[in-house]
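Asker: The numbering used here applies: residue 80 is where the sequence shown begins, and numbers increase by one.
There's a structure below that I have some questions on.
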Amino acid sequence: MPEDFKCGYIAIIGVPNVGKSTLLNRLVGEKLAITSPKPQTTRHRLLGIVNRPAAQLLFLDTPGMLDPRGALNATLVQAALTALSEADVVVWLVEPRRPASDDKVLLPHLRQLHRPLIVAINKIDSVSKPQLLPLISAYHELFPASAIIPISGLQGDGVEALVAEILKFLPASGPLYPPDQETDSTERFLVGELIRERVLHHTSEEIPHAVAVQIEEFDESRRPQLIKIRAVIFVERDSQKGILIGKQGHMLKTIGAEARAEIEPLLGARVFLELWVKVWKNWRKDPKALRVLGYQA
Ligand SMILES: Nc1nc2c(ncn2[C@@H]2O[C@H](COP(=O)(O)OP(=O)(O)OP(=O)(O)O)[C@@H](O)[C@H]2O)c(=O)[nH]1
Ligand SMILES: [Mg+2]
């Protein structure tokens, strides 16, 4: 190991839907985090480990920062703030637009950070160069000491420049994780997330927010020939359950088939996936439900 090896935590933080999880996956080079066009996709802090010859970068994907009202929202904001407090370096990921009112939850926290902050303007594939320059100055005015780096997490532009900027600030330290480890999440958790992602892609309006997935059985006694997984998709109302199951169970079958296609390469095994849909009335407001479903310590 080189003597000047660096290792540290980098929190990726920003409003919902700005592309934090897409960026994490791009950095790690694997699909670890689930992504979707719907806001509030990510509900937990997720570690993604990136190994370089002279550094180990520990990226923390976080839930989008939003109005912390409501029991579930409060836990999402708490998860993001915890990641912020653990980080050696913070990447504030922003939409390619001027600072707006939905940044107001986050800005006070960023202003009182006592650690390096980098502003990454994301989704530059969707704007023209002349549009970008005034944005760079607007963010520069907000944080004059920070680098402002335009990137596309989706397509990869600027991501190396972002890594180079982060490396300047990482503390000198040996690696904290073995070189073959990509995350500290359990397979059970990642499987539950992949199922939830497929639900998000097939539903709209309130349903994506009302869904939680619980893995009830994860039987790997016959691994790698077969892993048997039984999962429950919780929703808040009977009408939502009906939509998720679909006519003659069609919707649930599609979700199950798509989820299995993503889970098998993750686990490197054949998977038998059994899905159930259950109603847990207003689980998002219920502290006990939040605990049981893994949203609160
Ligand atoms: N055009 C474009 N779209 C992007 C880019 N990065 C992410 N997206 C899209 O933005 C949407 C949200 O991406 P996510 O990565 O799930 O966003 P997030 O910030 O993790 O969202 P939450 O977890 O809800 O806070 C998805 O439809 C992505 O495909 C980008 O660089 N360019
Ligand atoms: Mg996310």
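Ideal Cβ placement from N, Cα and C applies to all residues, glycine included.
Note that the structure is a prediction, hence the values are computed from the model and not measured.
Excluding sequence positions up to five away, which residues of its chain have a Cβ less than 6 Å from the Cβ of K183?
Answerer: Cβ within range, chain order: n/a, list empty.
Asker: In whole angstroms, give me the CA-to-CA distance for E384 and L139.
Answerer: Any answer about residue 384 is impossible in this case: the structure gives the chain only from 80 up to 376.
Asker: With distances taken Cα to Cα, identify the nearest neighbour of P257 among V94, L345, G108 and R131.
Answerer: For P257, the nearest C-alpha among the options comes from R131.
Asker: Relative to the C-alpha of L185, which residue among D204, S205 and L221 is closest?
Answerer: Cα-wise, what sits closest to L185 is L221.
Asker: Using only the alpha-carbon positions, how far apart do A340 and I230 sit?
Answerer: Rounded to whole angstroms, A340 to I230 spans 30 Å at the Cα level.
Asker: Would you mind giving the Cβ-Cβ distance between D204 and Q234, rounded to the nearest angstrom? I have them listed as a contact below 8 Å.
Answerer: Indeed they touch by this definition, with Cβ atoms about 5 Å apart.
Asker: I believe L160 touches N201 by the beta-carbon criterion, under 8 Å. Please report the beta-carbon distance rounded to the nearest angstrom.
Answerer: That belief does not hold up - the Cβ atoms of L160 and N201 are roughly 21 Å apart, past 8 Å.
Asker: On the three-state DSSP scale, how would you describe I324?
Answerer: Three-state DSSP puts I324 in a helix.
Asker: For G347, name the three-state secondary structure that DSSP assigns.
Answerer: G347: coil per DSSP, three-state reduction.
Asker: Measure from the alpha carbon of G232 to the alpha carbon of each residue in D83, L102 and S225, then state which is nearest.
Answerer: Considering only alpha carbons, the answer is L102.
Asker: How big is the Cα-Cα spacing for I312 and V242?
Answerer: When rounded, the distance between both Cα atoms is 37 Å.
Asker: Touching or not, the region 140-155 and the region 318-325, by the rule of three or more beta carbon pairs under 8 Å?
Answerer: Too few Cβ pairs lie closer than 8 Å, so no.
Asker: What are the boundary residues of the beta strand (DSSP E) that includes L445?
Answerer: Nothing can be reported for residue 445, as the shown portion of the chain is limited to 80 through 376.
Asker: Please state the DSSP three-state secondary structure of Y374.
Answerer: Correct three-state label for Y374: coil.
Asker: If we count the other Cβ atoms within 10 Å of its Cβ and call it buried at 16 or more, is E315 buried or exposed?
Answerer: Label assigned to E315: buried.
Asker: Enumerate, from N- to C-terminal direction, the unbroken beta strand (DSSP E) stretches of 3 or more residues contained entirely within the region 103-136.
Answerer: 125-131, all fully within the region 103-136.
Asker: Could you tell me whether any non-hydrogen atom of ligand 2 is closer than 7 Å to the CB of S100?
Answerer: Yes, since a heavy atom of ligand 2 falls inside the 7 Å radius drawn around the Cβ of S100.
Asker: Which residues in the same chain have their Cβ closer than 8 Å to the Cβ of I308, if we skip the five residues on either side of it in sequence?
Answerer: So the list reads V270, I294, E296, F297, D298, I342, V350, F351, L352 and E353, once near-sequence residues are dropped.
Asker: Using CA coordinates, which residue listed in Q260, L214 and D181 is at the minimum distance from D146?
Answerer: Comparing Cα-Cα distances from D146 to each of Q260, L214 and D181, the minimum goes to D181.
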